[in-house]
Amino acid sequence: MALTTQTMTDEQRKSVALEYLKAFDNGGVTSTGGAILDLFAEDAQVYFPKWGLATGRAEIGKLFGDVGATLRSIRHDYASFNWIFSGSDTLVAEGTSHGEHQDGAWRAGVPEWGAGRWCDVFEIRDWKIQRVFIYLDPDYAGRDTARYPWLAGTSTKD
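Under full-length UniProt numbering, think of the first position of the sequence shown as 1, with each following residue one higher.
What follows is the structure, encoded as structure tokens:
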């Protein structure tokens, strides 16, 4: 891991996190036309539920490729984000999303128990994402209901 050389403000870290989320919505392309992986440090880590921990840009690219291949579209609801700043390199973004997965469409709150709510914990230093741990339900289409007694017999239309 490289030594810290630039001091960043919370708002600057937030701008990097927003660029990452918007690039995800834009098929992995940043606002400047670069690749989403350019936002990451060489030795960065990303965690995604049911995939695991990816370390380094090559593994992160594989994770994003695997997850992205299951999504037809995604849109984060930027106006409703909740940002939590730690006063250090760490910040948390909580929000909602909607889109279409290979198994069907999703929208946060439809149904209330379904996918679409998420929380990302970022560590951003020197204008690069060092770490992002993504917490969400990867069952976007809400098909995994039989294993949960409180959801058995429901559908995403409930």
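No residue lacks a Cβ here, since even glycine has one placed at the ideal position from N, Cα and C.
Worksheet entry | Element boundaries [alpha helix (DSSP H), containing residue 151] | According to the DSSP assignment, residue 151 belongs to no alpha helix (DSSP H), since it is labelled neither H nor E.
Fill in: Chain-order list of residues whose beta-carbon lies under 8 Å from that of residue 48 (same chain, five-residue window excluded)
If we look at residue 48 and ignore the five residues flanking it on each side, its Cβ neighbours are 54, 63, 67, 134 and 138.
Worksheet item: Where does residue 120 land, buried or exposed, given buried means 16+ other C-beta within 10 angstroms?
Response: Classification of residue 120: buried, given that the 10 Å Cβ count is 16 or more.
Worksheet item: Cα-Cα, which of 145, 59, 85 and 43 is closest to residue 128?
Response: Taking residue 128 as reference, the option from 145, 59, 85 and 43 with the minimal CA-CA separation is 43.
Discussion item. Rounding to the nearest angstrom, what Cα-Cα distance links residue 92 and residue 153 in this structure?
Written reply: The straight-line gap from Cα to Cα measures roughly 35 Å.
Fill in: Selected residue, minimal CA-CA separation from residue 114, among 31, 25, 140 and 122
When each option's Cα is compared against that of residue 114, the closest is 140.
Worksheet entry | Straight-line Cα distance separating residue 144 from residue 36 | Spanning the two alpha carbons is a distance of roughly 30 Å.
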